[in-house]
Structure formats: structure tokens, C-alpha cells
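One structure is given here, and the rest of the page talks about it.
Residue numbers (this note's numbering): 124 to 376.
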């Protein structure tokens, strides 16, 4: 599998912010590949404490996984990590006055030849492209998404709603956490894009599908997405984890 997957994580401060509160990465081990994006929030610099803690704890836990996980094991692992990291961030916020109220979004995916397991909380997103379809796989845990889902506002109104950034769920803001986990059985080829809202607030689903449909490298595609988000204002930090599993070659060897 190590020869098959192509991947990159990129993060950009954007055009307005003075520092980057996003974190994330892609880690490949014998157990498979873990990709994630965390978008921190909270008082002065506390957001990057929350996202950096999450990044460190999640990557460290993944490096302890020695064998490939079944889909059920991957789901259980993601739930356990979200729960334990949530508690760690929450405890840190409560014992460090400058970090009170901090939290972070998290979207994480375990990628193998058989499946992709996605866990998320907050409004960082996962998009999946296959030969047959392209769609956003996560549903934002935000006030505006809840208003849209329950029919109180339209999708068009949601796009530019003044309270667009109000989250209903995040890691670290409460002692316990409710996350979403999804398992997709997939055959190559596919592309998985994880991103912070610095990207998804600027690029529509159609925009993202268009970028992913090109024959460019994962690095080129990711840079193009970030450049487009910056060209459209770049008011927020922009982070992307892009994983591509190309079609199997016919070579014998």
C-alpha cells in the first residue's frame, strides 16, 4: 500500500490572521494511514494550543498501533482517541487560565485498501471523490448547519449567515464529547480531502470537485485550492490533508 497512496498536508495562515491556529498531518505506519485536520479556537493563542495538543496526541497514539485495523476496530479507535483527547484539552483549559474556553475542531480519517474511516467534530470537513461520485461526507456541527438542516434557513442563506462560525460541538469545550464516525468500503481510485473551514468557506463543493478532478499532483491540487481561498479573501487559516489512492496498475512484479 505504501507505493499506492499519494498524500500531502498543507497549512496556510491566510491573508488576514497573524498566526495559524490550524494543525494536522498525515502519518503512514504499518497499520495504514492516518490523516487529520484540527482548527483551534479560543482566547489569544489558545486555539493553537488546543489544535497542537490534539495533533500531538493523535499522531502519538497512531504510532502505537502496530497492526492494520479492521473497519470496526478503526471506528472504535477513533472514538477512543476523540474521547481521550477531548478530556486532555478540557483539563488543560481548566488548569491554565490563559486557555479557558479553548477548543478545536477535528476531522480524522484512517485510510486502508479496504475502507476509509472518518471521525469528526466541529466544522472541519471531509470530501470524497470516487469514479462514480463526489460529495461532502461530514455534516458541520454548527448553528447554521442545524438551522439549514431543520429548514429554518435555506442553503443559500447558510452560505453567508452572520453566525456561520458558531459551533455546537468541538473538542475540549465539555468534559465529554459526541462525535460522528463513518465507514466507507472503497475500491481505488479515490481521493479524500480533509480541510478546515478556511477552505470550505471560500470554495463551494463544485469548486473542490473541479480541483480534485484534474490530473495534477496532490501537491499541485492542494496549492491551487489554498491559492483560490486566499484570492477570495483568505480571512481564515487554510488547511488541507489530501489523500489519493490511484487505480491499480496492471504491472506484474
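Glycine included, each C-beta is placed from N, C-alpha and C at the ideal position.
These numbers were taken from a predicted model, which means no experiment stands behind them.
DSSP links residue 289 through a beta bridge to no other residue.
The C-alpha of residue 131 lies about 10 angstroms from the C-alpha of residue 150. Of 195, 179, 173, 127, the smallest CA-CA separation from residue 304 is found for 195.
Looking from the CA of residue 348, the closest CA among 127, 370, 320 belongs to 320. Per DSSP, the beta bridge partners of residue 313 are 253, 368. For residue 265, the three-state secondary structure derived from DSSP is strand. Inter-residue distance for residue 185 and residue 295 is about 20 angstroms (C-alpha atoms, whole angstroms).
Straight-line measurement puts the Cα of residue 175 at about 15 angstroms from the Cα of residue 207. For the options 365, 226, 353, the alpha carbon positioned closest to that of residue 169 is the one of 226. With a threshold of 16 other beta carbon atoms within 10 Å, residue 286 falls short and is exposed. Apart from sequence neighbours up to five positions away, the residues of its chain that approach residue 351 with a beta-carbon distance below 8 angstroms are 325, 326, 330, 334, ordered along the chain. Annotation: residue 316 to residue 222 spans about 30 angstroms, alpha carbon to alpha carbon. Rounded to the nearest angstrom, the gap between the Cα atoms of residue 273 and residue 267 is 10 angstroms. In this structure, 177 is the residue among 177, 147, 235, 191 with its C-alpha nearest to the C-alpha of residue 214.
A Cβ-Cβ separation of about 6 angstroms places residue 229 in contact with residue 159 under the 8 angstroms criterion.
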